[in-house]
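>
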Amino acid sequence: MESSPSSDPLDLDAIRSRVKELEEIHSNCKDDDDSVMSSQDSQELLQDCALQLQSKVKQIMTDCSDFSFLGIEDLDVFVDHLKEELTTAEANSAKISNEIDILTRTHNEDSSEFENELEVMKGLLDNITSQEKKEEEKGSDCASLSREDESNLTCLHGDEEYEVLKLKNQIDERNSILKSLQDFEYAFTRFDALEQIEEALSGLKVIEFDGTCIRLSLRTYVPKLEGLLCQQNIGDTTEPSEINHELLIEVIKGTMEIKSVEIFPNDVYVGDIIDAAKSFRELFSQLALVETRSSLEWFVRKVQDRIIQCTLRRAVVKNANSSRYSLEYVDRHETVVAHLVGVDALIKVSPGWPISSSPLKLTSMNTADHYLEEIPLSLLCKVEEVANSLGEDLRENLSSFVDAIEVILKEQMQLHIHPAGTSKQ
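1 is the number of the first residue of the sequence shown in UniProt numbering; add one for each residue after it.
#1: Rounded to whole angstroms, what's the CA-CA distance from S350 to S358? Just pull it up for me.
#2: Are the beta-carbon atoms belonging to P354 and V303 less than 8 Å from one another?
#3: Could you tell me the alpha carbon to alpha carbon distance between H418 and L379, rounded to whole angstroms?
#4: Can the beta-carbon of R395 be found closer than 8 Å to that of L360?
#5: Going by C-alpha to C-alpha distance, which of L362, G391, E392, E163 sits closest to E384?
#6: Is DSSP giving I375 helix, strand or coil here?
#7: Only counting the same chain, and skipping five residues up and downstream in sequence, which positions put a Cβ closer than 6 Å to that of S326?
#8: If we ignore side chains and look at the alpha-carbon of each, how far apart do K20 and K83 end up?
#9: Can you look up S400 in the DSSP assignment and give me helix, strand or coil?
#10: Per DSSP, S260 forms a beta bridge with which residues?
#11: Would a C-beta distance cut-off of 8 Å place I273 and L247 closer than the cut-off?
#12: Please report the Cβ distance between R324 and E411, rounded to the nearest whole angstrom; I am assuming they are in contact, meaning their Cβ atoms lie under 8 Å.
#13: Looking at the unbroken beta strand (DSSP E) that takes in L390, where does it start and where does it end?
#14: Distance check for V120 and N108, CA to CA, integer angstroms please.
#15: Can you say whether Q309 is buried or exposed, counting buried as having 16 or more other CB atoms within 10 angstroms of its CB?
#16: Are the CB atoms of M256 and L312 within a distance shorter than 8 Å?
#17: Determine the contact status of T189 and V251, defining contact as a CB-CB distance below 8 Å.
#18: Using a 10 Å radius around the Cβ and a threshold of 16 neighbouring Cβ atoms, would you call Y186 buried or exposed?
#19: Between I214 and I249, which are expected to be in contact by the criterion C-beta below 8 Å, what is the C-beta distance as a whole number of angstroms?
#20: Using the C-alpha atoms, what's the distance from A277 back to F299?
#21: Straight-line CA distance for I307 to I177?
#22: Measuring alpha carbon to alpha carbon, tell me which residue in I15, L398, K134, E85 is nearest R314.
#23: Let me make sure I understand the geometry here. Which of V337, S389, G391, V386 has the alpha-carbon closest to that of N366?
#24: Name the two residues that bound the continuous beta strand (DSSP E) containing V343.
#25: Going by beta-carbon coordinates alone, are I347 and F280 separated by less than 8 Å?
#26: So, for N266: in the same chain, excluding its five sequence neighbours on each side, which residues have a beta-carbon less than 8 Å away from its beta-carbon?
#27: Would you kindly check if the distance between the Cβ of R16 and the Cβ of L125 is under 8 Å?
#28: What number of angstroms, rounded off, separates the C-alpha of I171 from the C-alpha of C155?
#29: Of the choices L377, L409, P376, whose alpha-carbon is the least far from that of V386?
#30: Since Y269 contacts R332 with CB under 8 Å, what's their CB separation in whole angstroms?
#31: Less than 7 Å between C-beta atoms, sequence neighbours within five positions excluded: which residues of the same chain meet that for I207?
#32: When you compare each of F209, S241, D210 to K224 by their alpha carbons, which one comes out closest?
#33: Assign residue 458 to buried or exposed, taking buried as 16 or more other Cβ atoms, counted over all protein chains shown, within 10 Å of its Cβ.
#34: Taking buried to mean at least 16 other C-beta atoms within 10 Å of its own C-beta, is V36 buried or exposed?
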C-alpha cells in the first residue's frame, strides 16, 4: 500500500479509532461465522427449502399429471427424465457446495490477511506512538540540554570575554612596553649621538665607572704652532695634532668629589690641579654656588689645558736646543733647565707662556761640583741680575734669552778671571 505525501500531519488518533472499528467489525463477522444459526434463521431457511421443493413437485406433477395413462415405455422415459433431473440437481448441489467451499476458503484467507493487516497497522501505530514518546522525551531532554548548553555557552562566552579582555590588557601592556622601548631607543640613539658629538668636540669619553672609580679617555687637540707662537723661532716641527691620555679618577663613594687621580702616560704633572680642584670643591660647596660635579669638570678642563701647554712648551724647548747647550722642560716646576758649560740655568716660565707674550725669568744657576771653585756663587748671582734686567722683548723669546744668559756668563767669567784693575796694570 502506497501512501501519498501530504504537508498536513497525520491524525494518529483518528487512524487508531478507525482501526479499532475495523477490528470490532471483523470480530463480529467472525463471531457470526463461528456461531450456530439462530432458530428464526433456521425456520426461514427451512421454509425457503420447503417452498422450493413444493414448487418443484407441483411442476413435476403438472408435467406428469397423466402419467397413469402412460404406457411402459413412457414411464421409462419419465423415470429417465427424473434421473436426469436428479443428476442435474445433484450436480448443481455439488457445484454449489464447491462454490461454498471456495467462498469459505477465500473468506478465511481474506479474513486472515485482514487480521494480519490490522496487526501490522496496530504495530505501526504502536511504533509511531513509541517514536512520538521518544521524540517527546528527546525533545524534553534536548530542551533540558539546550538550557544546559545555553548556560554552558553563557559561561563559555563569559570565559571567552574574560580571556579576550585579558589578552587585550596584555596587548595594551605590550604596546606600552614597546612604546617605552621605542622612546628609550630614541633617547639612547640621541644620547649616543650627543655623546659622539661631545667626544668629538671635547675629546672626552667615559671608559669605565664602578661607583668609586672613573676611567676616562682624554683626547687633546693641539693647535698648530705656526703663527701661534709669534715670539718664538719655530721651525719645522713634527708634534702630533692630538694627544691621547687616560685618567683614572677615584671619587668619594656616592659623590663626584675627587679623591685621587692618575694619568697615563705620566708625562704631565697634575698634582697642583688636583689640589686646586679639592680646594675649589670645598670652597664652593660651603657657598653652595655650584654642583659637586663642577670640580670634576673644572679638573678635566684644566688637565686638557695643561696638556696643551706642556706640549707647546716642549715643542718650543726642543726647537731652541743648540749645539752649545741643551734645554729641558720640567713640568712640575714649570721651569726650563738650560744646560750650559758647567752651569745649569733654571728659567721660570710665566703661566701663559709661550702663547702669551710674557717675559721669562732666570731664577737660579747651579754649577757642577768640579766647577765650584772656578765659578763662585757671587758670579752666578751677578749673571741672574744682569739677565733679568734685559728687555722684555728679548726675554720673551727662549732662544734669545738663553743666548743672552750664555753671553753674560762668559762676560762675568772673563771679569772674574781678569778683574778690571789687573787688566789696567
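Glycine included, every Cβ here is placed at the ideal spot set by N, Cα and C.
Looking at the atomic coordinates:
#1: Along the sequence shown, read from residue 1 onward, the residue named residue 350 stands at position 350. Along the sequence shown, read from residue 1 onward, the residue named residue 358 stands at position 358. About 6 Å.
#2: Translated into positions along the sequence shown, residue 354 becomes position 354. Translated into positions along the sequence shown, residue 303 becomes position 303. Result no, Cβ atoms of P354 and V303 do not sit closer than 8 Å.
#3: Taking the first residue of the sequence shown as position 1, residue 418 is located at position 418. Taking the first residue of the sequence shown as position 1, residue 379 is located at position 379. C-alpha separation (whole angstroms): 13 Å.
#4: Reading the sequence shown from its first residue, position 395 is the one you call residue 395. Reading the sequence shown from its first residue, position 360 is the one you call residue 360. In contact: R395 and L360 (Cβ atoms closer than 8 Å).
#5: Position 384 of the sequence shown, counted from the first residue, corresponds to residue 384. The shortest C-alpha separation from E384 is found at L362.
#6: The residue you call residue 375 lines up with position 375 of the sequence shown. Coil.
#7: The residue given as residue 326 occupies position 326 in the sequence shown. Within the same chain, S326 has close Cβ partners H339.
#8: The residue given as residue 20 occupies position 20 in the sequence shown. The residue given as residue 83 occupies position 83 in the sequence shown. About 54 Å.
#9: Locating residue 400 in the sequence shown gives position 400, counting from the first residue. S400 falls in the helix class under three-state DSSP.
#10: Reading the sequence shown from its first residue, position 260 is the one you call residue 260. The partner list for S260 (beta bridge, DSSP) reads E250.
#11: In the sequence shown, counting from the first residue as 1, residue 273 sits at position 273. In the sequence shown, counting from the first residue as 1, residue 247 sits at position 247. Taking 8 Å as the Cβ cut-off, I273 and L247 do not qualify as a contacting pair.
#12: Numbered from its first residue, the sequence shown carries residue 324 at position 324. Numbered from its first residue, the sequence shown carries residue 411 at position 411. 15 Å between Cβ atoms; not a contact.
#13: Against the sequence shown, residue 390 aligns to sequence position 390. Neither: L390 is in no beta strand (DSSP E) and is coded neither H nor E.
#14: On the sequence shown, position 108 is the one that residue 108 refers to. On the sequence shown, position 120 is the one that residue 120 refers to. For N108 and V120, the distance between alpha carbons rounds to 18 Å.
#15: Within the sequence shown, the letter at position 309 stands for residue 309. Buried.
#16: Within the sequence shown, residue 312 is the residue found at index 312, counting from 1. Within the sequence shown, residue 256 is the residue found at index 256, counting from 1. It is not a contact, given that the beta carbons lie outside the stated cut-off.
#17: Numbered from its first residue, the sequence shown carries residue 189 at position 189. Numbered from its first residue, the sequence shown carries residue 251 at position 251. No, these two residues do not count as a Cβ contact at 8 Å.
#18: As a working note, residue 186 is residue 186 in the sequence shown. With fewer than 16 other Cβ atoms within 10 Å, it is exposed.
#19: Translated into the one-based positions of the sequence shown, residue 214 becomes position 214. Translated into the one-based positions of the sequence shown, residue 249 becomes position 249. At roughly 5 Å, the Cβ-Cβ gap stays under 8 Å, so I214 and I249 are in contact.
#20: Position 299 of the sequence shown, counting from 1, holds the residue named residue 299. Position 277 of the sequence shown, counting from 1, holds the residue named residue 277. Distance between the alpha carbons of F299 and A277: 6 Å.
#21: Position 307 of the sequence shown, counted from the first residue, corresponds to residue 307. Position 177 of the sequence shown, counted from the first residue, corresponds to residue 177. Whole-angstrom Cα-Cα distance: 47 Å.
#22: Here residue 314 is taken as the residue at index 314 of the sequence shown, counted from 1. Comparing Cα positions, the closest option is L398.
#23: Taking the sequence shown and counting its residues from 1, the one referred to as residue 366 is at position 366. Measuring from the Cα of N366, the nearest candidate turns out to be V337.
#24: By one-based count along the sequence shown, residue 343 stands at place 343. Looking at the DSSP string, the run of the beta strand (DSSP E) that includes V343 is 343 to 348.
#25: Against the sequence shown, residue 347 aligns to sequence position 347. Against the sequence shown, residue 280 aligns to sequence position 280. No; because the gap between Cβ atoms is not below 8 Å, this pair is not in contact.
#26: In the sequence shown, counting from the first residue as 1, residue 266 sits at position 266. The answer is none, since no qualifying residue turns up.
#27: For the purposes of this step, residue 125 is identified with residue 125 of the sequence shown, where counting begins at 1. For the purposes of this step, residue 16 is identified with residue 16 of the sequence shown, where counting begins at 1. In terms of Cβ geometry, L125 and R16 form a close pair [threshold 8 Å].
#28: What you label residue 171 is simply residue 171 of the sequence shown in a count that begins at 1. What you label residue 155 is simply residue 155 of the sequence shown in a count that begins at 1. For I171 and C155, the distance between alpha carbons rounds to 24 Å.
#29: Residue mapping note: residue 386 aligns to position 386 of the sequence shown, counting from 1. Nearest of L377, L409, P376 to V386, Cα basis: L409.
#30: To locate residue 269, count along the sequence shown from 1; it is residue 269. To locate residue 332, count along the sequence shown from 1; it is residue 332. For a cut-off of 8 Å, the C-beta gap from Y269 to R332 is around 4 Å, short enough to register as a contact.
#31: Reading the sequence shown from its first residue, position 207 is the one you call residue 207. Excluding positions up to five away in sequence, the list reads R215, L216, S217.
#32: Within the sequence shown, numbered from 1, the residue matching residue 224 stands at position 224. When only C-alpha atoms are compared, the closest one is S241.
#33: With the chain running from 1 to 425 in the structure shown, residue 458 is simply not present.
#34: If you number the sequence shown from 1, residue 36 lands on position 36. Confidence at V36 is low in this model, with a pLDDT of 45, below 50, so its placement is unreliable and no value can be given for it.
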